[in-house]
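Just remember that my numbering sits 58 ahead of the position in the sequence shown, which is counted from 1.
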Amino acid sequence: MDNIHDAHEARSGMIAIVGPPNAGKSTLLNCLLGQKISIVTPKPQTTRNRILGVLNGSNYQIVFIDTPGLHTPDQPLNREMVKIAMDSFRDVDAVLFLLDTKKIVSRKKAETAGPEKYLAKVAVPTFLLMNKIDLVSKEELLPLIAEYAKVYPFHGVMPISAKKNEGIDVIVEEIVKILPVGPKYFPEDIPTDATERFLVGEIIREKVFLLTGQEIPYSTAVVVDNFNELHNMITIHASIILERNSQKGIVIGKGAHKLKSIGIAARKDIERMVGTKVNLNLLVKVKKNWSQSSAFLKELGF
Ligand SMILES: Nc1nc2c(ncn2[C@@H]2O[C@H](COP(=O)(O)OP(=O)(O)O)[C@@H](O)[C@H]2O)c(=O)[nH]1
Ligand SMILES: [Mg+2]
């Protein structure tokens, strides 16, 4: 009997979600899983680590890997981020390469130098996902699909909207078709391998991204110093780490207003995630030029 074509055989595999910054990779991961695992902001370079999300079907398990955006890095932190993204091409069963279709259309000409540059050494099936189709017309979309199909032998090209949940079922169907036969490696009730502590840090970082401007988001790291559960209440102490003294005032704000808003928004999301009341204590600290320090990047887990 040919196992590959036995519909009842359990299948499992790892799928990398890659693409330029801001293409919607983290939005797609959350959409595929039906819950928020990876933080999303309108700013590029939000995702700094490899984020894993597990999707279970009756006879399959897909492990998605969300990655930092592929770009030309100019800083130590960004180099680490791009390395994480490039490493994700290894040991996966397929790659989803995401593009921001709206951005390409606005540039008027298809910038095809992109996927093929990064995919040169990829040996597994790769799907091109033209994301954000809610923002473009069919007339704009169709020629682009034809153009990209010419530059790289994609296994398939799919127009989707991660934000509007359009075209997502088809992605899962197509992936299941090419998944190797294999067991479910992860427990079915745990959607990610990230610790609650890590996710708490990410939620706080997302709120800093959303509520501050200019260089602040890129100068921010979050360290969860303490995470304690007692009588249905979780008490968390976390530090927002900045690069310069001058940034402290911006994040704290007049009458500590900004820091309060960050704290309230983060606490609400954390409570939703853990399902209990949360007491969140935020401190703002300065660690001069931390993003240039390989020792501190190591401490952060890079
Ligand atoms: N209109 C629209 N916006 C999207 C879509 N997918 C993602 N976005 C937005 O694009 C921005 C970047 O998304 P994010 O998931 O953080 O991108 P990443 O850097 O590739 O992980 C956010 O503001 C998202 O809300 C989509 O399908 N349509
Ligand atoms: Mg992201």
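Glycine included, each C-beta is placed from N, C-alpha and C at the ideal position.
Keep in mind the model is a prediction, meaning the values are calculated, not measured.
I'd like to check one pair, residue j with residue i: are the Cβ atoms closer than 7 Å?
i: residue 106; j: residue 139; result: yes
i: residue 349; j: residue 135; result: yes
i: residue 190; j: residue 160; result: yes
i: residue 142; j: residue 165; result: no
i: residue 321; j: residue 340; result: yes
i: residue 6; j: residue 81; result: There is simply no residue 6 to check, as the chain begins at 59 and stops at 360 in what is shown.
i: residue 292; j: residue 334; result: yes
i: residue 152; j: residue 173; result: no
i: residue 440; j: residue 343; result: No statement about residue 440 is possible, as the shown extent of the chain runs from 59 to 360 and does not include it.
i: residue 301; j: residue 347; result: yes
i: residue 210; j: residue 156; result: no
i: residue 102; j: residue 79; result: yes
i: residue 180; j: residue 72; result: no
i: residue 118; j: residue 234; result: yes
i: residue 299; j: residue 345; result: yes
Which whole-angstrom value is the C-beta distance of residue i and residue j, which I expect to be below 8 Å?
i: residue 275; j: residue 267; result: 4 Å
i: residue 228; j: residue 270; result: The pair is not a contact, with the Cβ atoms about 38 Å apart (cut-off 8 Å).
i: residue 96; j: residue 132; result: Residue 96 to residue 132, Cβ: 24 Å. No contact.
i: residue 261; j: residue 324; result: 5 Å
i: residue 74; j: residue 147; result: 6 Å
i: residue 115; j: residue 77; result: Not really, about 24 Å apart at Cβ, beyond 8 Å.
i: residue 188; j: residue 199; result: 7 Å
i: residue 113; j: residue 91; result: 6 Å
i: residue 259; j: residue 280; result: 4 Å
i: residue 214; j: residue 232; result: 6 Å
i: residue 89; j: residue 248; result: Incorrect: roughly 19 Å between the Cβ atoms, too far for contact.
i: residue 328; j: residue 338; result: 7 Å
If you run the structure through DSSP and keep just helix, strand and coil, what is residue i?
i: residue 88; result: helix
i: residue 358; result: coil
i: residue 351; result: coil
i: residue 340; result: strand
i: residue 96; result: coil
i: residue 82; result: coil
i: residue 71; result: strand
i: residue 345; result: coil
i: residue 235; result: helix
i: residue 335; result: strand
Touching or not, the region 238 to 245 and the region 64 to 75, by the rule of three or more beta carbon pairs under 8 Å?
yes
Please specify which runs of the beta strand (DSSP E), each continuous and at least 3 residues long, are wholly inside the region 275 to 310, giving them in chain order.
Listed in chain order, the complete beta strand (DSSP E) runs (minimum 3 residues) inside the region 275 to 310 are 279 to 288, 291 to 300.
What residue ranges within the region 104 to 172 form continuous beta strand (DSSP E) runs of no fewer than 3 residues, ordered along the chain?
Residue ranges of uninterrupted beta strand (DSSP E) with 3 or more members, entirely inside the region 104 to 172 and ordered along the chain, are 109 to 114, 118 to 124, 152 to 158.
If you pair each beta-carbon of the region 215 to 229 with each one of the region 83 to 91, do three or more pairs fall below 8 Å?
yes
Can you confirm whether the region 285 to 294 touches the region 247 to 262 when touching is taken to mean that 3 or more C-beta pairs between the two stretches lie within less than 8 Å?
yes
Start-end ranges of the alpha helix (DSSP H) lying completely within the region 161 to 225, minimum 4 residues:
If we require 4 residues or more, the alpha helix (DSSP H) runs fully inside the region 161 to 225 come out as 173 to 177, 196 to 209.
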